[in-house]
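To start, the structure itself, in structure tokens.
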Amino acid sequence: MSAIELCNISKRWGDSFAVTDVSFKVEQGTFAVLLGPSGCGKSTTLRMISGLEDVSEGKLLIGDTDMTTARPAQRNLSMVFQSYALFPHLNVKENILFGLKVRKIPIAEQEQRLARVAELVGLAELLLRKPAQLSGGQRQRVALARAFIAENPICLMDEPLSNLDAKLRHDMRIEIRALQQRLKMTVVYVTHDQAEAMSMADKVILIKKGQIEQEGTPDELYNKPATTFAAAFIGTPPMNLLDITKMGTLPPLLAEPTSSAILGIRPENIRIVDAGGIPARLISADYLGADTVITARIGTQELQVRTPGRVSVPEPYNARLQWQKEDVHLFDPSSGKRNDTIKATDF
Amino acid sequence: MIRRPSQSHIHGWLLLMPAAVFLIAFTYYPTIATLAKSFFSQGNAIKPSRFVGLENYEYLLTDEVFWKVVGNNIIYAATTIPISIGLAMVMALWVNGKLPFKSLARMSYFTPTILPMIAVANIWLFFYTPDIGLIDQVAGVFGISGHNWLGDPDTVLGCIIIITIWKEAGFFMIFYLAALQTLSPELEEAAKLEGAGRWYYFRRVIFPLLMPTTLFVLINAIINSFKLVDQLFILTKGGPDNSSSLLLYYIYEVAFSFLDQAYASTLTVVLLIALAVIAISQFVFLDKKVHYQ
Numbered sequence: 001m002s003a004i005e006l007c008n009i010s011k012r013w014g015d016s017f018a019v020t021d022v023s024f025k026v027e028q029g030t031f032a033v034l035l036g037p038s039g040c041g042k043s044t045t046l047r048m049i050s051g052l053e054d055v056s057e058g059k060l061l062i063g064d065t066d067m068t069t070a071r072p073a074q075r076n077l078s079m080v081f082q083s084y085a086l087f088p089h090l091n092v093k094e095n096i097l098f099g100l101k102v103r104k105i106p107i108a109e110q111e112q113r114l115a116r117v118a119e120l121v122g123l124a125e126l127l128l129r130k131p132a133q134l135s136g137g138q139r140q141r142v143a144l145a146r147a148f149i150a151e152n153p154i155c156l157m158d159e160p161l162s163n164l165d166a167k168l169r170h171d172m173r174i175e176i177r178a179l180q181q182r183l184k185m186t187v188v189y190v191t192h193d194q195a196e197a198m199s200m201a202d203k204v205i206l207i208k209k210g211q212i213e214q215e216g217t218p219d220e221l222y223n224k225p226a227t228t229f230a231a232a233f234i235g236t237p238p239m240n241l242l243d244i245t246k247m248g249t250l251p252p253l254l255a256e257p258t259s260s261a262i263l264g265i266r267p268e269n270i271r272i273v274d275a276g277g278i279p280a281r282l283i284s285a286d287y288l289g290a291d292t293v294i295t296a297r298i299g300t301q302e303l304q305v306r307t308p309g310r311v312s313v314p315e316p317y318n319a320r321l322q323w324q325k326e327d328v329h330l331f332d333p334s335s336g337k338r339n340d341t342i343k344a345t346d347f
Numbered sequence: 001m002i003r004r005p006s007q008s009h010i011h012g013w014l015l016l017m018p019a020a021v022f023l024i025a026f027t028y029y030p031t032i033a034t035l036a037k038s039f040f041s042q043g044n045a046i047k048p049s050r051f052v053g054l055e056n057y058e059y060l061l062t063d064e065v066f067w068k069v070v071g072n073n074i075i076y077a078a079t080t081i082p083i084s085i086g087l088a089m090v091m092a093l094w095v096n097g098k099l100p101f102k103s104l105a106r107m108s109y110f111t112p113t114i115l116p117m118i119a120v121a122n123i124w125l126f127f128y129t130p131d132i133g134l135i136d137q138v139a140g141v142f143g144i145s146g147h148n149w150l151g152d153p154d155t156v157l158g159c160i161i162i163i164t165i166w167k168e169a170g171f172f173m174i175f176y177l178a179a180l181q182t183l184s185p186e187l188e189e190a191a192k193l194e195g196a197g198r199w200y201y202f203r204r205v206i207f208p209l210l211m212p213t214t215l216f217v218l219i220n221a222i223i224n225s226f227k228l229v230d231q232l233f234i235l236t237k238g239g240p241d242n243s244s245s246l247l248l249y250y251i252y253e254v255a256f257s258f259l260d261q262a263y264a265s266t267l268t269v270v271l272l273i274a275l276a277v278i279a280i281s282q283f284v285f286l287d288k289k290v291h292y293q
């Protein structure tokens with residue numbers, strides 16, 4: 001039994017589709033991330049799961065029950081909003097207890113659950129403060145507490161960390177993931193930040209223009225991108241996608257001669273070598289501390305090379321680059337789809 | 001350049017001067033002069049004005065018209081204020097939602113506000129006119145005989161109250177609408193997910209968040225209930241038998257029809273005291289209940 005299952009779901013606004021024919025399953029107790037650029041329909045998909053948005057076509061199952069047209073409150077799920085959606089006139093305690101009061105849970109049980117949840121997210125000291133008196137991270141915790149106290153099996157999160165600074169975002173990422181595992185919740189999490197998706201998810205659903213581009217574990221998305229879009233979306237910096245016809249005269253890069261292909265190679269898999277490899281021109285360097293990202297050019301194709309330590313490129317110079325055939329991904333230039341029938345070769 | 005403190009003090013006072021001059025000349029001086037005048041008798045060619053102490057106030061206590069007018073004003077305030085505020089809130093909630101012809105609805109609610117009270121009174125005069133007015137014509141269709149709405153002491157105040165509500169509700173609605181639009185739609189969605197119904201959401205979230213607006217509107221409504229008397233000039237002139245007269249209109253009559261400025265000053269002082277008490281009590285009692293963002 002899947003916790004959530006979407007069957008051919010579409011969302012239409014007039015004539016334009018925000019989400020087209022999306023199907024996926026989220027298993028009980030897993031952390032699923034809907035990943036994609038802004039406006040790709042990931043939030044709309046989440047809102048359809050929550051019931052805040054109507055489903056135009058298709059079927060939605062929650063715990064094997066058809067919930068396509070059920071009211072949001074009947075779906076037994078909680079949601080954390082991007083803006084946190086805290087009630088500004090209520091203090092932390094009242095905000096957290098809002099849902100329990102709506103459902104008229106006995107006071108004793110409210111107090112008991114409140115104590116547990118406040119402890120869980122570290123808010124016990126702040127229960128009487130108003131949201132305006134809290135920092136961004138603390139507000140985020142209130143929003144999480146409000147979602148957890150309902151003890152619903154499913155929690156939806158709509159870019160919950162996008163309003164936090166980088167350091168805090170990193171901490172919260174770890175914390176949310178730990179809480180999800182501890183409470184064995186099913187989480188559907190929307191983000192446009194691939195690093196967030198990679199570090200938190202059991203399963204990533206990559207969405208582009210309202211359609212699923214690839215679905216899989218973070219590992220699969222990183223190591224076996226199904227399309228050039230997936231290849232370019234995952235990784236910092238993303239995979240280099242080189243048109244082999246525009247790389248100038250080089251030793252053969254592919255096992256058998258092919259007229260055209262897109263060659264994908266991750267910046268971290270390219271080495272700068274003294275001899276062998278292929279000639280390239282190093283243009284500039286971006287020092288990141290632990291490593292340096294160098295922008296280079298082969299023929300007319302620009303690519304990025306990630307190399308450990310500090311390398312400075314005060315002005316462009318020629319160098320040689322090398323990679324291994326196992327690290328090469330090949331894509332069809334017209335469809336952008338992965339093509340495993342052609343093989344790369346060492347040079 | 002370092003300035004000596006005295007120099008910057010002079011600059012400060014010079015900058016405050018224009019505003020201070022006007023404030024003193026047109027607000028503080030008249031207020032104090034009115035207070036002073038209320039302790040003197042009205043002078044005329046034969047009898048000059050003289051200090052009479054609290055004599056004017058003693059007269060006020062026995063003045064039946066004054067008590068009648070105060071009673072009218074209390075009824076007027078007690079009905080126009082809550083009804084127009086309630087109506088404004090309902091209208092704002094309605095036109096803030098998903099609604100076809102939303103702009104048209106908003107505009108038509110707001111139109112009474114931009115009309116001058118004199119024009120409004122003229123429109124309603126057409127409604128209230130006995131036999132040929134709109135109300136009586138419509139009533140006539142159902143076989144109800146005509147009624148002199150504005151000429152009957154029992155109905156005249158009600159008629160004035162309806163006009164005021166009609167004019168004020170649209171104005172207050174604009175403030176509520178502005179406040180409602182600052183509320184994040186995510187709040188409603190969060191409440192919906194928790195299973196809160198519309199009424200529960202209104203009671204626990206919207207209403208408390210509108211409190212600052214309600215306080216502002218309430219103060220305006222109270223001030224208006226003492227201030228807005230233009231319609232009386234057109235419709236009733238306070239009659240019949242003072243049954244539609246309000247405190248400010250009575251002050252006007254005493255000052256400019258009966259030419260008793262000393263007594264008018266006394267009435268004015270009473271009005272000012274009443275307004276001051278209301279204002280202070282609002283800040284003392286209501287401020288604690290209002291959540292400001």
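Keeping their order, the protein sequence lines are chains D and X.
In terms of the working numbering, the first sequence opens at residue 1 and continues consecutively.
In terms of the working numbering, the second sequence opens at residue 1 and continues consecutively.
The beta-carbon is built from N, C-alpha and C at its ideal position, and this holds for glycine as well.
State yes or no: is the beta carbon of residue i nearer than 8 Å to at least one beta carbon in chain D?
i, result
"residue 133(X)", "no"
"residue 195(X)", "yes"
"residue 205(X)", "yes"
"residue 186(X)", "yes"
"residue 215(X)", "no"
"residue 100(X)", "no"
"residue 208(X)", "yes"
"residue 295(X)", "Because chain X is modelled from 1 through 293, residue 295(X) falls outside the range shown and cannot be assessed."
Buried or exposed: which applies to residue i, given that a residue is buried once 16 or more other Cβ atoms fall within 10 Å of its Cβ?
i, result
"residue 185(D)", "buried"
"residue 138(X)", "exposed"
"residue 176(X)", "buried"
"residue 8(D)", "exposed"
"residue 167(X)", "buried"
"residue 236(X)", "buried"
"residue 275(D)", "exposed"
"residue 199(X)", "exposed"
"residue 256(D)", "exposed"
"residue 128(D)", "exposed"
"residue 143(D)", "buried"
"residue 218(D)", "buried"
"residue 66(D)", "exposed"
Using a Cβ-Cβ distance under 8 Å, would residue i count as near chain X?
i, result
"residue 85(D)", "yes"
"residue 99(D)", "yes"
"residue 102(D)", "yes"
"residue 118(D)", "no"
"residue 79(D)", "yes"
"residue 329(D)", "no"
"residue 255(D)", "no"
"residue 192(D)", "no"
"residue 170(D)", "no"
"residue 73(D)", "yes"
"residue 88(D)", "yes"
Which same chain residues, not among the five before or five after residue i, have their C-beta less than 8 Å away from its C-beta?
i, result
"residue 114(X)", "none"
"residue 99(X)", "105"
"residue 25(D)", "2, 4, 5, 6"
"residue 98(D)", "87, 90, 146"
"residue 277(X)", "none"
"residue 60(X)", "66, 263, 266, 267, 270"
Tell me which residues share the same chain as residue i and place their Cβ nearer than 7 Å to its Cβ, disregarding the 5 neighbours each side in the sequence.
i, result
"residue 319(D)", "272, 280, 282"
"residue 338(D)", "225, 226, 227, 329, 331"
"residue 287(D)", "310"
"residue 205(X)", "187, 191"
"residue 209(D)", "40"
By Cβ distance below 6 Å, which residues in the same chain neighbour residue i in space, the five residues on each side in sequence not counted?
i, result
"residue 57(D)", "10"
Practice item. For the stretch 166-192 of chain X, enumerate the residues whose C-beta is nearer than 8 Å to any C-beta of chain D, in chain order. Key: Flagged, chain order: 184, 186, 187, 189, 190, 191, 192.
Point to revise | Selection of the stretch 40-67 of chain D by Cβ proximity to chain X, strictly under 9 Å | key: Those residues of the stretch 40-67 of chain D placed with their C-beta closer than 9 Å to a C-beta in chain X are 47, 50, 51, 52, ordered along the chain.
Point to revise | Continuous beta strand (DSSP E) assignments of at least 3 residues falling wholly in the stretch 220-255 of chain X | key: Counting only unbroken stretches of 3 or more residues, no beta strand (DSSP E) element lies wholly within the stretch 220-255 of chain X.
Point to revise | Any beta strand (DSSP E) of 3 or more consecutive residues that is wholly inside the stretch 35-100 of chain D | key: Counting only runs of 3 or more, we get 57-62, 77-80.
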